[in-house]
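Numbering (mature numbering (1 follows the signal peptide of the UniProt record, and there is no 0)), first residue to last: -23 to -1, 1 to 144.
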């Protein structure tokens, strides 16, 4: 009989503990990166000596990948980052980009993740975000403008530069 009386109290205490844990972070994640563990290691070389090789971008059509690659190259050059442009050439860091687009007739969102990989193959930093643009009733990539790609490139290179100077 005593066990039956205590059971509801134990369940109430357990429920309160669970709810208290949820209250610690009441806001939903603001981007997909908030849901992914993003530990970052400091750069291993000085900014002047670091070289970067951007790998082929994944998840987007070729014409949009070409446009974004050009935007990334332009932004990196403006930031005086040392890019390695030959396929397979040695570089201090390799940058792997992954993008996807989803939307409807009103809005389209591009989600992007760029992983910075050291010479040993370890991810040392992650850049992620999202960019919204106009909608399209068909292929979401069809509504992605050069302006949206320029904003993605600008934020990506600014984040890469900030990480590179974070020592």
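No residue lacks a Cβ here, since even glycine has one placed at the ideal position from N, Cα and C. Remember, it's a predicted structure, so these values are computed and weren't measured experimentally.
Query	Result
What would DSSP say about residue 71, mapped onto helix, strand or coil?	strand
Assess contact between the segment 97 to 116 and the segment 27 to 37, defined as three or more Cβ pairs (one per stretch) separated by less than 8 Å. Is contact present?	no
By DSSP, does residue 63 sit in helix, in strand, or in coil?	coil
For residue 115, count the other beta carbons within 10 Å of its own beta carbon; 16 or more makes it buried, fewer makes it exposed. Which is it?	exposed
On the criterion of 16 or more Cβ atoms from any shown chain inside 10 Å, does residue 19 qualify as buried, or is it exposed?	exposed
Residue 89 and residue 65 - do their beta-carbons sit closer together than 8 Å?	no
Could you name each continuous beta strand (DSSP E) segment of 3 residues or more that falls completely within the segment 95 to 130, going from the start of the chain to the end?	100 to 111
In chain order, what residues of the same chain have a beta carbon less than 7 Å from the beta carbon of residue 117, not counting five sequence neighbours either side?	78, 79, 80, 85
If you check the beta carbons only, do residue 104 and residue 70 fall under 8 Å apart?	no
Are the CB atoms of residue 91 and residue 133 within a distance shorter than 8 Å?	yes
Could you spell out where the beta strand (DSSP E) holding residue 30 opens and where it closes?	28 to 31
Leaving out five residues before and five after residue 42 in sequence, what residues of the same chain have Cβ atoms less than 7 Å from its Cβ?	34
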